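Just so you know, the protein sequences line up as chains A and B, in that order.
Under the numbering used here, residues 108 to 333 are what the first sequence spells out, in order.
Under the numbering used here, residues 35 to 163 are what the second sequence spells out, in order.
Yeah, the Cβ is synthetic: ideal placement off N, Cα and C, and Gly gets one too.
Since the model is a prediction, treat every value here as computed from it, not as a measurement.
Contents: one structure, followed by commentary.
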Amino acid sequence: MNLRPLHLLAAGVVALAPLLQALPAPAANGDLIAALSAQTRVPNLVSGVLLYTRLYDTVAEVVVFTLTSMGVVWMLSAERPQTRIHGLDDPAVLVLCRLGATVAALLAVELALRGHLSPGGGFAAGVSGGTALALLLIARSGQGPLPPEDVSHRNLERTELIEKLAVLLFLALAFLSLEGLNLPDGSFGAVESGGWIPLLNAVIGVKVTLGSWTMVQLFIRYRGLL
Amino acid sequence: MTAFRALELMVLLAVLAGLVGLLWHRNLFLKVLAMDVTSTAVISLFVLIAARDGLITPILQGDTPVVDPRAALTYADPIPQAVTLTAIVIGFSVQALLLLATTLLAGRDPSLDVAELDQPEAAGSRAGP
């Protein structure tokens, strides 16, 4: 292949340039931690930064994710779905899929509701929920053909409607938060504390669950399981 | 050479591996995967930088928002971690769309060879300007 040495050299320079940079002295971020915890009033400072200090960026992030799931639907709309999909029929795999789906669904609720107290948050919860639904779809594929096209199309439209409503709700809540309207503080470390952060986490969880579910479902429907 | 520099070198080598893969492979699908290697390596660079000031996860223990200033010195920096979360989500979105576009292209040319995809199509099948 015509991998020109110049290209290789450029890649090496770009990748290894940070090594030449002198490191700044390690910053003592005690002040930063104290300021952030006083500002966001939640134990999980990463959630606090994401949904309070940098909320404006997170809004754009959610919009990009929405555009992606819309783009997947739009790009696949011209294709012809598979008429039948080879499902899995190994009983052990099906049991494991269902077990995994149960665990992932419970984990999604935990991550969304307590994301501001412990490791977690809306995006992780959404990925977990999407995984649960995808595993259910895989387990379902072993039991006969998929539902007919018009039924699944209606389901998909309903899913998309709920997803769009979740995005709009997120934008409305984010607007309230950015305007400085806040819920009562609550006691530090309780589930109902931290202003809008738990609500925003839950809405993001729903939105990412449905978005990734839409994408996975379409990929399986148009391309098969394998 | 400090431990930080050694880890940084390894992460940067992973970036380099992704870039070389991006240049080396002719297959579009493998190019997309090489891009994913690069993006994962860049994310680990962020994680490494966040852990430079301290190794404890920035989640406060106990039920008061007041931080002991001496304990606060050992927390990792939460800002790069939050920035990285954004990068992960955007990277996931970009990957999904790229893989979908690649799949659609594979319907027209299953070899997905970049040089062949760059060739103008035979006249008549899709007349361009």
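If you look at residue 163(A), you'll find it in the alpha helix (DSSP H) that goes 162-183. Residue range 256-285 is occupied by the alpha helix (DSSP H) that includes residue 261(A).
Within the stretch 126-141 of chain A, contact with chain B at the beta-carbon level (separation under 9 Å) is assigned to 126, 130, 133, 134, 135, 136, 137, 138, 139, 140 and 141.
Contact of residue 308(A) with chain B is not assigned, every C-beta pair being separated by 7 Å or more.
Shortest Cα-Cα distance from residue 312(A) to any of 168(A), 273(A) and 132(A) involves 273(A). Residue environment for residue 327(A): buried (at least 16 other C-beta atoms within 10 angstroms of its C-beta).
As the crow flies, the alpha-carbon of residue 280(A) is around 7 Å from that of residue 307(A).
Of all C-beta pairs linking the stretch 229-240 of chain A to the stretch 310-325 of chain A, three or more are shorter than 8 Å, placing the two stretches in contact.
Secondary structure of residue 308(A) (DSSP, three-state): helix. When rounded, the separation of the alpha-carbon atoms in residue 57(B) and residue 115(A) is 8 Å. Remark: C-beta atoms of residue 325(A) and residue 202(A) do not approach each other more closely than 7 Å. For a cut-off of 8 Å, the C-beta gap from residue 304(A) to residue 155(A) is around 7 Å, short enough to register as a contact. Residue 112(B) reaches chain A at 143, 152, 153 and 156, counting residues in chain order whose Cβ is nearer than 7 Å. Separation of residue 52(B) and residue 299(A) (C-alpha to C-alpha, rounded to the nearest whole angstrom) is 44 Å.
Taking the Cα positions, residue 297(A) is about 8 Å away from residue 224(A).
For residue 83(B), the three-state secondary structure derived from DSSP is helix. Selection 90(B), 82(B), 149(B) and 126(B) evaluated against residue 40(B) yields 82(B) as nearest (Cα-Cα).
Per the coordinates, the alpha-carbon of residue 134(B) lies some 14 Å from the alpha-carbon of residue 331(A). Chain B places a beta carbon closer than 7 Å to that of residue 123(A), counting this residue as a contact. Note that the C-beta distance between residue 323(A) and residue 276(A) is not below 7 Å. When Cβ-Cβ separations below 7 Å define contact, residue 68(B) makes no contact with chain A.
In this structure the stretch 188-205 of chain A does not touch the stretch 280-292 of chain A; the number of beta carbon pairs closer than 8 Å is below three. Counting only the Cα atoms, residue 176(A) lies some 31 Å from residue 147(A).
Around residue 124(B), the beta-carbon contacts reaching into chain A at under 7 Å are 168 and 171. Membership of residue 247(A) in the alpha helix (DSSP H) is indicated by the continuous run 229-248. By the criterion of a C-beta distance shorter than 6 Å, residue 80(B) is surrounded in its chain by 114 and 118, once the five residues flanking it on both sides are discounted.
Taking 8 Å as the Cβ-Cβ cut-off, the stretch 110-121 of chain A approaches chain B at 110, 114, 115, 118, 119 and 121, given in chain order. Contact check between the stretch 128-143 of chain B and the stretch 61-73 of chain B: three or more CB pairs, one atom from each, fall below 8 Å, which counts as touching. If you draw a straight line from the Cα of residue 37(B) to the Cα of residue 293(A), it comes to about 43 Å.
Per DSSP, the continuous alpha helix (DSSP H) segment holding residue 115(A) begins and ends at 112-123. When 137(A), 140(A) and 174(A) are compared, the shortest CA-CA separation from residue 271(A) is found for 174(A). Taking the CA atoms as reference points, residue 90(B) sits about 15 Å from residue 144(A).
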